[in-house]
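Down below is the structure, laid out as structure tokens.
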Amino acid sequence: MALSKKRKAAAAKIDKTKMYSLKEASALVKEVNTTKFDSSVDIHLRLGVDPKKADQAIRGTVTLPHGTGKTKRVLVLCTPDKEEAAKSAGADHVGLDEFVTKIEGGWVDVDVIIATPAVMPKIGKLGKILGPRNLMPNPKTGTVTNDVAAAVSEVKGGKIAFKVDKAGIIHASIGRISFP
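For the sequence shown, counting from 1, position 174 maps to 192 in the working numbering; every step adds exactly one.
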């Protein structure tokens, strides 16, 4: 496919042999952007690790200072005494039994599921549905917690989870072109 004039001019500004610092790369991304919308900025880091070895599996979470630029739909599965705290923190859906039956029926119209440790035995049977979609609550990523209000606030504020894929690369969306 032939490149347009704008794309050719943008491609000419990038030196493929040069290693750019993070500050230079972010300035260059803003300079060579040719889209008419506020596109997302993704980062792909090749770490050189073998994820098949258990001691080299890298996984974690980080809260971005300006968020991700996307609104996340959050489901909180908790006992009735924690429902009000979750709703006031900004959770989109709060409950337990009704959502467990909806998920068993195939409903997974959320981006993040947060649960309390007390309800994990009920959620365990949903592993076959939630696991392949990376929605299963996990204590390592902070989605199994007793403080659901803080967890919802973090997720809504721009917390992202990352893990190494089978080639040893981390892929993550870190913001938008318009971010400072």
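Cβ atoms here follow ideal geometry from the backbone N, Cα and C, with glycine treated the same way. Computed from a predicted model, the values in this text were never measured in an experiment.
Can you name the start and end residues of the beta strand (DSSP E) that residue i belongs to?
i: D99; result: Neither: D99 is in no beta strand (DSSP E) and is coded neither H nor E.
i: F55; result: Premise fails: F55 is in no beta strand (DSSP E) and is neither H nor E.
i: V118; result: Run containing V118: none in the beta strand (DSSP E); it sits in the alpha helix (DSSP H), 115-122.
i: A179; result: 177-181
Taking a contact to mean a Cβ-Cβ separation below 7 Å, would you say residue i touches residue j in this structure?
i: V128; j: R151; result: no
i: T159; j: T79; result: yes
i: T86; j: G176; result: yes
i: D60; j: S191; result: yes
i: I244; j: A169; result: With the chain represented from 19 up to 198, any question about residue 244 goes unanswered, as that position is not in the structure.
i: V50; j: K31; result: yes
My output table needs one value for residue i: the three-state DSSP class, helix, strand or coil.
i: I32; result: coil
i: G78; result: strand
i: G142; result: helix
i: V92; result: strand
i: I61; result: strand
i: S196; result: coil
i: V162; result: strand
i: V170; result: helix
i: S191; result: strand
i: T128; result: The sequence shown places Val at residue 128, not Thr. Coil at V128, not helix or strand.
i: V137; result: helix
i: V50; result: helix
According to the neighbour-count rule (16 or more other Cβ atoms, all chains shown, within 10 Å of its Cβ), is residue i buried or exposed?
i: I178; result: buried
i: K100; result: buried
i: F117; result: buried
i: P155; result: buried
i: E29; result: First, the amino acid is wrong: residue 29 is Ala here, not Glu. Its Cβ having fewer than 16 others within 10 Å, A29 is exposed.
i: T35; result: exposed
i: L93; result: buried
i: E172; result: buried
i: G193; result: buried
Cα separation between residue i and residue j?
i: P69; j: I188; result: 11 Å
i: F180; j: R77; result: 6 Å
i: D56; j: G124; result: 33 Å
i: L146; j: A75; result: As written in the sequence, residue 146 is Lys, which differs from the Leu given in the question. Rounded to whole angstroms, K146 to A75 spans 22 Å at the Cα level.
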